[in-house]
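S.K.: FYI, in the working numbering the residues of the sequence shown are 3 to 342.
Even for Gly, the Cβ is constructed at its ideal location relative to N, Cα and C.
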Amino acid sequence: MKRIISLVLVTILGIVLFSGCGTNEIVAKDSKVSRQTKETSNSAAKPEVIRIGSIIGTISTIAKEQGFFEEEFNKDGIKVEYQSFTSGPPITEAFISNKLDIATYGDQPAIVAAANGAGVKAVGSFTGGYDKLALVAQIDSDIKSPKDLKGKKVGITVGTVVQHMLYLYLDSAGLKPEDVSIVNLQPNDLITALAAKNIDAAVTVEPFTTVILAKKAGKQISDSTGLKYMAGPIVASNDFITKYPEIINRLLKAYDKAKKWEEQNKDKASEILAKELNIPKEVVLAGIISKDTDNVKITEDVSKAFEQTYQFLRSSNFIKKDYDIKSFYDVQFLKAAGLQ
Numbered sequence: 003m004k005r006i007i008s009l010v011l012v013t014i015l016g017i018v019l020f021s022g023c024g025t026n027e028i029v030a031k032d033s034k035v036s037r038q039t040k041e042t043s044n045s046a047a048k049p050e051v052i053r054i055g056s057i058i059g060t061i062s063t064i065a066k067e068q069g070f071f072e073e074e075f076n077k078d079g080i081k082v083e084y085q086s087f088t089s090g091p092p093i094t095e096a097f098i099s100n101k102l103d104i105a106t107y108g109d110q111p112a113i114v115a116a117a118n119g120a121g122v123k124a125v126g127s128f129t130g131g132y133d134k135l136a137l138v139a140q141i142d143s144d145i146k147s148p149k150d151l152k153g154k155k156v157g158i159t160v161g162t163v164v165q166h167m168l169y170l171y172l173d174s175a176g177l178k179p180e181d182v183s184i185v186n187l188q189p190n191d192l193i194t195a196l197a198a199k200n201i202d203a204a205v206t207v208e209p210f211t212t213v214i215l216a217k218k219a220g221k222q223i224s225d226s227t228g229l230k231y232m233a234g235p236i237v238a239s240n241d242f243i244t245k246y247p248e249i250i251n252r253l254l255k256a257y258d259k260a261k262k263w264e265e266q267n268k269d270k271a272s273e274i275l276a277k278e279l280n281i282p283k284e285v286v287l288a289g290i291i292s293k294d295t296d297n298v299k300i301t302e303d304v305s306k307a308f309e310q311t312y313q314f315l316r317s318s319n320f321i322k323k324d325y326d327i328k329s330f331y332d333v334q335f336l337k338a339a340g341l342q
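1. Kindly indicate which three-state DSSP category Tyr331 falls into: helix, strand or coil?
2. Is Val304 closer than 8 Å to Gly130 when the C-beta atoms are compared?
3. State the CB to CB distance for the pair Ile321 and Ala117, rounded to an integer number of angstroms; the pair is presumed to be in contact (CB under 8 Å).
4. When the Cα atoms are used, what is the spatial distance from Arg252 to Lys259?
5. List the endpoints of the continuous alpha helix (DSSP H) containing Ser183.
6. Opposite Ala139 in the DSSP bridges: which residues?
7. Cα separation between Asn240 and Lys328?
8. Please state the DSSP three-state secondary structure of Pro235.
9. With a cut-off of 8 Å, do at least 3 Cβ pairs link the region 305-318 to the region 281-290?
10. Would you decide whether Thr159 is buried or exposed? Buried here means 16 or more other CB atoms lie within 10 Å of its CB.
11. Quick check on DSSP: helix, strand or coil for Ile58?
12. My output table needs one value for Tyr84: the three-state DSSP class, helix, strand or coil.
13. Along the chain, where does the beta strand (DSSP E) that runs through Lys155 open and close?
14. If we count the other Cβ atoms within 10 Å of its Cβ and call it buried at 16 or more, is Glu73 buried or exposed?
15. So who's on the other strand from Val304, going by DSSP bridges?
16. Can you grab the Cα-Cα spacing for the pair Ser89 / Phe314, in whole Å?
17. Three-state secondary structure (DSSP) at Val122?
18. Evaluate contact between the region 165-173 and the region 83-101, counting only Cβ atoms and requiring at least three cross-stretch pairs below 8 Å.
19. Rounded to whole angstroms, what is the Cα-Cα separation between Ala233 and Asp142?
20. Contact check, Trp263 vs Ile52 under 8 Å by CB: the rounded distance?
21. For Asp150 and Pro179, I'd like the C-alpha separation in whole angstroms.
22. Can you check which of these residues, Ser56, Gly119, Pro92, Lys81, is closest to Lys323 by C-alpha distance?
23. Taking the C-alpha atoms as reference points, what is the distance between Leu254 and Phe75?
24. Nearest-angstrom Cα distance between Gly55 and Phe87?
25. In this structure, does DSSP put Thr129 in helix, strand or coil?
26. Ile223 and Ser147: beta carbons closer than 8 Å?
27. Could you have a look at Val285 and say whether DSSP puts it in helix, strand or coil?
28. Suppose contacts are defined by Cβ-Cβ distances below 8 Å. Is Gln140 in contact with Asp225 by that definition?
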């Protein structure tokens, strides 16, 4: 009987764990990462495979297509596997279920995951800026600024950075979330809903803003200048960090190599992302590549963005307990790789 009860409890725990992704509380796991590698054997340790996740239309796609990860790890017999996503919460789910080792995605779902004990940490940053987030509206809409959102249907992907951005837009206009009708949609569905005029407006993040404009599904009303610096962390599993600190250093070098290659080969980089996003490369060049960062540093802008996102999540009770946001990121691996 005790064995049966134990099995039932384990099953319930598993259900709670998977249903709590995104902005819900995640069952804690041991997430302490040593800042210094105490066992020299860890420095030489190598995994059989590295599982890399990413949002589509980002630097990970370029690194994959150019073979930068394979170039770095083939000589050690380490395989590389890739998984692509359109939003952040499913990436968190993949980390929790031990299906990813490292990934590039938005700071909101990553911070929620870390604060709720999912065992992840930011080791770098793959993008950033005030032009990564946008308020878009129907192509023939009379919406001209956030104040015009009152009473409108606004699409967002709940649990991602665009949720925070919507709240900032509303606050800047003296509005509250209750003043609009929030429609929760995945990024690709936001595009469809906007084009079909099923929603009045949406808050989007790159590369999806560029896709909307390219397909004439909507028009841009505003970016996030003066409101939010969008930071995109490179996030790794604490277990992977602890076991393979030297591999983390090398992964960051591969990401940085992709950033430098993108900067020097903008036309080719645009072609790669255009194929994945199914939009003209000229649009990708103007809307994404030309605005991208050229390094993987965790800069002061990035760390301040993490702090701002945390304060929003805590005040909104998406994170239910106080959390030291400085423990979310660690620059030691960037420094070890000579990148910070």
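M.R.: The relevant details are as follows:
1. Numbered from 1 along the sequence shown, position 329 holds the residue referred to as residue 331. It is a strand residue.
2. On the sequence shown, position 128 is the one that residue 130 refers to. On the sequence shown, position 302 is the one that residue 304 refers to. Contact flag set, yes.
3. To locate residue 321, count along the sequence shown from 1; it is residue 319. To locate residue 117, count along the sequence shown from 1; it is residue 115. The Cβ separation is near 5 Å, so the contact holds.
4. Here residue 252 is taken as the residue at index 250 of the sequence shown, counted from 1. Here residue 259 is taken as the residue at index 257 of the sequence shown, counted from 1. Taking the straight line from one Cα to the other gives about 10 Å.
5. Locating residue 183 in the sequence shown gives position 181, where the first residue counts as 1. Segment 183-186 is the beta strand (DSSP E) holding Ser183; no alpha helix (DSSP H) there.
6. Start at 1 with the first residue of the sequence shown, and residue 139 comes out as number 137. In DSSP, Ala139 forms a bridge with Ala203, Lys221.
7. Along the sequence shown, read from residue 1 onward, the residue named residue 240 stands at position 238. Along the sequence shown, read from residue 1 onward, the residue named residue 328 stands at position 326. Rounded to the nearest angstrom, the two C-alpha atoms are 15 Å apart.
8. On the sequence shown, position 233 is the one that residue 235 refers to. Here Pro235 sits in strand by DSSP.
9. no
10. For the purposes of this step, residue 159 is identified with residue 157 of the sequence shown, where counting begins at 1. By the neighbour-count criterion, in which 16 or more other beta carbons inside 10 Å mark a residue as buried, Thr159 falls on the buried side.
11. Here residue 58 refers to the residue found at position 56 when the sequence shown is read from its first residue. It is coil, neither helix nor strand.
12. In the sequence shown, residue 84 corresponds to position 82, counting from 1. Per DSSP, reduced to three states, the secondary structure at Tyr84 is strand.
13. To locate residue 155, count along the sequence shown from 1; it is residue 153. Residues 155-158.
14. Numbered from 1 along the sequence shown, position 71 holds the residue referred to as residue 73. Label assigned to Glu73: exposed.
15. Translated into the one-based positions of the sequence shown, residue 304 becomes position 302. Per DSSP, none; premise fails for Val304.
16. Looking up residue 89 in the sequence shown gives position 87. Looking up residue 314 in the sequence shown gives position 312. Cα to Cα, the separation comes out at about 19 Å.
17. Your numbering for residue 122 matches position 120 in the sequence shown. Three-state result, Val122: strand.
18. no
19. The residue labelled residue 233 in the question sits at position 231 within the sequence shown. The residue labelled residue 142 in the question sits at position 140 within the sequence shown. Taking the straight line joining both Cα atoms gives about 31 Å.
20. Indexing the sequence shown from 1 puts residue 263 at position 261. Indexing the sequence shown from 1 puts residue 52 at position 50. Incorrect: roughly 19 Å between the Cβ atoms, too far for contact.
21. Here the question's residue 150 lines up with position 148 in the sequence shown. Here the question's residue 179 lines up with position 177 in the sequence shown. So the two alpha carbons sit approximately 13 Å from each other.
22. Counted from its first residue, the sequence shown places residue 323 at position 321. Nearest option by C-alpha distance: Gly119.
23. Here residue 254 refers to the residue found at position 252 when the sequence shown is read from its first residue. Here residue 75 refers to the residue found at position 73 when the sequence shown is read from its first residue. In a straight line, the C-alpha of Leu254 is about 12 Å away from that of Phe75.
24. On the sequence shown, position 53 is the one that residue 55 refers to. On the sequence shown, position 85 is the one that residue 87 refers to. Approximately 7 Å between the Cα atoms of the pair.
25. In the sequence shown, residue 129 corresponds to position 127, counting from 1. Thr129: strand per DSSP, three-state reduction.
26. In the sequence shown, the residue the question calls residue 223 occupies position 221. In the sequence shown, the residue the question calls residue 147 occupies position 145. Taking 8 Å as the Cβ cut-off, Ile223 and Ser147 qualify as a contacting pair.
27. Working through the sequence shown from its first residue, we reach residue 285 at position 283. Val285: helix per DSSP, three-state reduction.
28. What you label residue 140 is simply residue 138 of the sequence shown in a count that begins at 1. What you label residue 225 is simply residue 223 of the sequence shown in a count that begins at 1. No, the pair does not count as a contact, with Cβ atoms beyond the cut-off.
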